[in-house]
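Chains as they are written, first to last, in the working numbering: chain X, 10 to 296; chain P, 1345 to 1604. Think of the CB as a built atom: it goes at the ideal place given N, C-alpha and C, for glycine as much as any other residue. Source: prediction; values computed, not measured. Structure first, then comments.
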């Protein structure tokens, strides 16, 4: 038969023909849900999340044994929560605790940004602070609380300073790393555009570091709440951890459970808010 | 410094590098990255520093830009000794130098704000550069929304904005794909023809050096030194056709031999 020129367009029917089931296959078939680093369908992601939550609740209900065990049922915990809300004690506790964390963590972040940017930008500042911070960050902050109580009294001050001390070294070191991540080319370009050090710090290093600083704030916020718990366990007039501690004396496990869940909810809410903040203030760094 | 060229005309020496030596102190031994380098760029010239990787060409450009300090020797721009970086020597890097949180307009205006230009002058200058660079439609875009070639055009515009005496380009097209690179070379050539800016460019691409420059300094490695100074025989109004000129091909072979 005479060879003919290949047709330019393939017949549409030929393209629609199904694969030959008898043809041998090659390669590993990708797994639908368990491919390493592969994405899964959104419906599956949501469904698996819901199942995960349901499993936790099932274990909880099973452990509570219909109210006969020490562990309260979810419903009992919810009732404990609503009664705390209706008598206003929850609001008092939440306000007392949130205020401590807010003030302490704000101080910690302020020190973290100032010192972290300076350490990450100037080798001389780094050389000066490196030995102290390297040493101090290994002292467990809760070990300092008795000293703080002795020096600062029993009111809010030692609690706030425990939160500061328990988080500031992580903030400083992590923000220093964020500042170090400003590309050298960006700094060099700024210098050759006539910028001085102050301009570069304010207009290049700070904006470039902003999303990273918010990430650091988000990650270390959990440590601030841990420090709050330690501080309130050693004495307070109000506070979420103080009330949890107090519940032990009255065997009010339902109150404990309610407040433990409140801690988790606070964590999730602040995480979402800080992610949202990062997204809003640094649209260029949205992934 | 005004001097008399070989053809008898008066030329203005814009940039002079005199006896620049750079020694990096290593743990085991000192490494001489640059050894007694002399070169000059005249006003309005486009000169390439051509060399294989590791010959110290980028280090030399950094020293000219004032970003690194020479162990010995000096750099002069208009007979003034360079002691540090400044907007008079605008620099363009291979990548990662644009401010990603700023729009194209804001990036280009950065040097003007630093220099204290008032808003009306800034706007006029940025608008002029957006026009020259063909970036008008992307004035409010963020760098991440641009292609690699466009980003480099923004970087060049930003460096040109404060009207530098010399434009220093450090392998500006090294991270681009072949086709974009060709477009950008033509773009740089026409930019230079239109603006008459004095340009010193570092490259390891022989054809790029011949195509763009009037003179080429060939740097040899270990230690980095000027191995040859080559005059390119094409006028300033050249176009892509010179790439098929026999002299272009001869020069390409000659430079290939020099680079080893």
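Q: Let me know the beta strand (DSSP E) ranges lying completely inside the stretch 1513-1567 of chain P, each 3 residues or longer, listed in chain order.
A: List check, beta strand (DSSP E) in window: 1542-1547, 1559-1564.
Q. Based on Cα-Cα distance, which residue from P:1543, P:1528, P:1580, P:1406 lies nearest to residue 1478 (chain P)?
A. Here residue 1478 (chain P) corresponds to residue number 134 of the second chain, with the count starting at 1. Out of P:1543, P:1528, P:1580, P:1406, P:1528 has the C-alpha closest to the C-alpha of residue 1478 (chain P).
Q. With a Cβ-Cβ cutoff of 8 Å, do residue 205 (chain X) and residue 105 (chain X) count as a contact?
A. Here residue 205 (chain X) refers to the residue found at position 196 when the first chain is read from its first residue. Here residue 105 (chain X) refers to the residue found at position 96 when the first chain is read from its first residue. No, the pair does not count as a contact, with Cβ atoms beyond the cut-off.
**Q.** Interface positions of the stretch 174-202 of chain X facing chain P (Cβ-Cβ less than 8 Å), listed along the chain
**A.** Within the stretch 174-202 of chain X, the residues whose Cβ lies closer than 8 Å to some Cβ of chain P are 192, 194, 195, 197, 198, 199, 200, 201, 202, listed in chain order.
Q. Which class does residue 1587 (chain P) belong to by DSSP, given the choice of helix, strand or coil?
A. Stepping through the second chain from its first residue, residue 1587 (chain P) is reached at position 243. If DSSP states are grouped into helix, strand and coil, residue 1587 (chain P) belongs with the helices.
Q: Use the C-beta contact count for residue 59 (chain X): other C-beta atoms within 10 angstroms, 16 or more gives buried, fewer gives exposed.
A: As a position in the first chain, residue 59 (chain X) is number 50, starting the count at 1. Counting Cβ neighbours within 10 Å, residue 59 (chain X) comes out exposed, since fewer than 16 surround it.
**Q.** Burial state of residue 1431 (chain P), where buried means 16 or more other Cβ atoms lie within 10 Å
**A.** Counting from one through the second chain, the residue named residue 1431 (chain P) turns up at place 87. That one is buried.
Q: Could you say if the stretch 229-245 of chain X and the stretch 206-218 of chain X meet the contact criterion of at least three C-beta pairs nearer than 8 Å?
A: no
Q | Sequence-distant residues of its chain with Cβ nearer than 6 Å to residue 182 (chain X) (five each side left out) | A | Position 173 of the first chain, counting from 1, holds the residue named residue 182 (chain X). Counting only Cβ-Cβ distances below 6 Å, and skipping sequence neighbours, we find nothing.
Q | With 16 other Cβ atoms within 10 Å as the buried cut-off, status of residue 10 (chain X) | A | Along the first chain, one-based indexing puts residue 10 (chain X) at 1. With a pLDDT of only 49 at residue 10 (chain X), under 50, the local geometry of the prediction cannot be trusted, and the value read off the model is given with reservation. Residue environment analysis places residue 10 (chain X) among the exposed positions, since fewer than 16 neighbouring C-beta atoms fall within 10 angstroms of its C-beta.
Q | Where the alpha helix (DSSP H) containing residue 246 (chain X) begins and where it ends | A | If you number the first chain from 1, residue 246 (chain X) lands on position 237. Premise fails: residue 246 (chain X) is in no alpha helix (DSSP H) and is neither H nor E.
Q. With respect to the alpha helix (DSSP H) encompassing residue 1573 (chain P), which residues constitute its N-terminal and C-terminal limits?
A. If you number the second chain from 1, residue 1573 (chain P) lands on position 229. If you look at residue 1573 (chain P), you'll find it isn't in any alpha helix (DSSP H); it sits in the beta strand (DSSP E) that goes 1569-1575.
Q | Cβ-based contacts, 9 Å cut-off: residues of the stretch 1425-1444 of chain P near chain X | A | 1428, 1429, 1430, 1431, 1432, 1433, 1434, 1435, 1436, 1437, 1438, 1439, 1440, 1441, 1442, 1443, 1444
Q: Might you give, ordered along the chain, the residues of its own chain that have their beta carbon closer than 8 Å to the beta carbon of residue 1562 (chain P), omitting 5 neighbours on each side?
A: The residue given as residue 1562 (chain P) occupies position 218 in the second chain. Result list for residue 1562 (chain P): 1394, 1395, 1570, 1571, 1572, 1573, 1574, 1599, 1602, 1603, in chain order.
Q | Neighbour flag for residue 256 (chain X) against chain P, beta carbons, 8 Å | A | Taking the first chain and counting its residues from 1, the one referred to as residue 256 (chain X) is at position 247. Not closer than 8 Å to any Cβ of chain P, the Cβ of residue 256 (chain X) fails to qualify, so no.
**Q.** Beta-carbon proximity list for residue 1452 (chain P), same chain, < 6 Å, skipping 5 on both sides
**A.** The residue labelled residue 1452 (chain P) in the question sits at position 108 within the second chain. 1470, 1473, 1501, 1502, 1505, listed in sequence order.
Q: Kindly examine the ligand MG and report whether one of its heavy atoms sits closer than 7 Å to the Cβ of residue 123 (chain X).
A: The model on display carries no ligand, and the ligand MG is accordingly not part of it.
Q: Specify the secondary structure class of residue 128 (chain X) as computed by DSSP and reduced to three states.
A: Position 119 of the first chain, counted from the first residue, corresponds to residue 128 (chain X). Look at residue 128 (chain X) here: in three-state DSSP terms it is helix.
Q. If we count Cβ pairs, one from each stretch, closer than 8 Å, do we get three or more for the stretch 1456-1463 of chain P versus the stretch 1396-1404 of chain P?
A. no
Q) Tell me which same chain residues have a C-beta within less than 8 Å of the C-beta of residue 1449 (chain P), skipping the five on either side of it? A) Residue numbering aside, residue 1449 (chain P) sits at position 105 when the second chain is read from its first letter. For residue 1449 (chain P), where only same-chain residues beyond five positions count, the Cβ hits under 8 Å are 1470, 1474, 1483, 1484.
Q. Among the residues of its own chain, which have a CB less than 8 Å from the CB of residue 262 (chain X), if the five just before and after it don't count?
A. For the purposes of this step, residue 262 (chain X) is taken as residue 253 along the first chain, with counting starting at 1. Hits under 8 Å: 79, 80, 81, 256.
Q) Where do the N-terminal and C-terminal ends of the alpha helix (DSSP H) with residue 1492 (chain P) fall, by residue? A) Walking along the second chain from the start, residue 1492 (chain P) turns up at place 148. Its alpha helix (DSSP H) spans residues 1492-1504.
Q: For my contact list, residue 1550 (chain P) and residue 1513 (chain P) are in at a C-beta cut-off of 8 Å; report their separation, rounded to the angstrom.
A: Translated into positions along the second chain, residue 1550 (chain P) becomes position 206. Translated into positions along the second chain, residue 1513 (chain P) becomes position 169. The pair is not a contact, with the Cβ atoms about 16 Å apart (cut-off 8 Å).
Q) Are residue 1644 (chain P) and residue 198 (chain X) touching if we call contact CB-CB under 8 Å? A) The requested residue 1644 (chain P) does not occur in the structure, where chain P is confined to residues 1345 to 1604.
(Q) Counting beta carbon pairs with one atom in the stretch 171-187 of chain X and one in the stretch 111-128 of chain X, are three or more of them shorter than 8 Å? (A) yes
Q | Opening and closing residue of the beta strand (DSSP E) in which residue 1376 (chain P) lies | A | Counted from its first residue, the second chain places residue 1376 (chain P) at position 32. 1375-1386 is the span of the beta strand (DSSP E), which, as asked, contains residue 1376 (chain P).
Q.
Just verifying my parser: in three-state terms, what is the DSSP assignment at residue 251 (chain X)?
A. What you label residue 251 (chain X) is simply residue 242 of the first chain in a count that begins at 1. Three-state result, residue 251 (chain X): helix.
Q | Chain-ordered neighbours of residue 213 (chain X) on chain P, where CB pairs are closer than 8 Å | A | Translated into positions along the first chain, residue 213 (chain X) becomes position 204. Near residue 213 (chain X) (Cβ distances below 8 Å), the residues of chain P are 1443.
Q. What runs of the alpha helix (DSSP H), each 4 residues or longer, lie entirely inside the stretch 207-279 of chain X?
A. Counting whole runs of 4 or more residues, the stretch 207-279 of chain X contains the alpha helix (DSSP H) stretches 215-242, 249-258.
Q | Where residue 31 (chain X) sits in the DSSP three-state scheme | A | Looking up residue 31 (chain X) in the first chain gives position 22. Coil.
**Q.** chain X contact residues for residue 1411 (chain P), given Cβ-Cβ distances below 8 Å
**A.** Taking the first residue of the second chain as position 1, residue 1411 (chain P) is located at position 67. Those are 197, 200, 201, listed as they occur along chain X.
Q: May I ask you to list, following chain order, the residues of the stretch 1347-1381 of chain P that have a beta carbon less than 7 Å from some beta carbon of chain X?
A: none
Q. Across which residues does DSSP place residue 1364 (chain P) in a beta bridge pair?
A. For the purposes of this step, residue 1364 (chain P) is taken as residue 20 along the second chain, with counting starting at 1. Beta-bridge pairing links residue 1364 (chain P) to P:1381.
Q: Rank P:1378, P:1446, P:1374 by C-alpha distance to the C-alpha of residue 290 (chain X) and give the top, closest one.
A: Along the first chain, read from residue 1 onward, the residue named residue 290 (chain X) stands at position 281. Closest option to residue 290 (chain X), Cα to Cα, is P:1446.
Q) Is it buried or exposed for residue 1555 (chain P), if we count other Cβ within 10 angstroms and need 16 for buried? A) As a first step, residue 1555 (chain P) must be located in the second chain, where it is residue number 211. By the neighbour-count rule (16 or more Cβ atoms within 10 Å), residue 1555 (chain P) is buried.
(Q) Taking the alpha carbon of residue 190 (chain X) as the reference point, which residue from X:168, X:220, X:174 has its own alpha carbon closest? (A) In the first chain, residue 190 (chain X) corresponds to position 181, counting from 1. Nearest Cα to residue 190 (chain X) within the set X:168, X:220, X:174: X:220.
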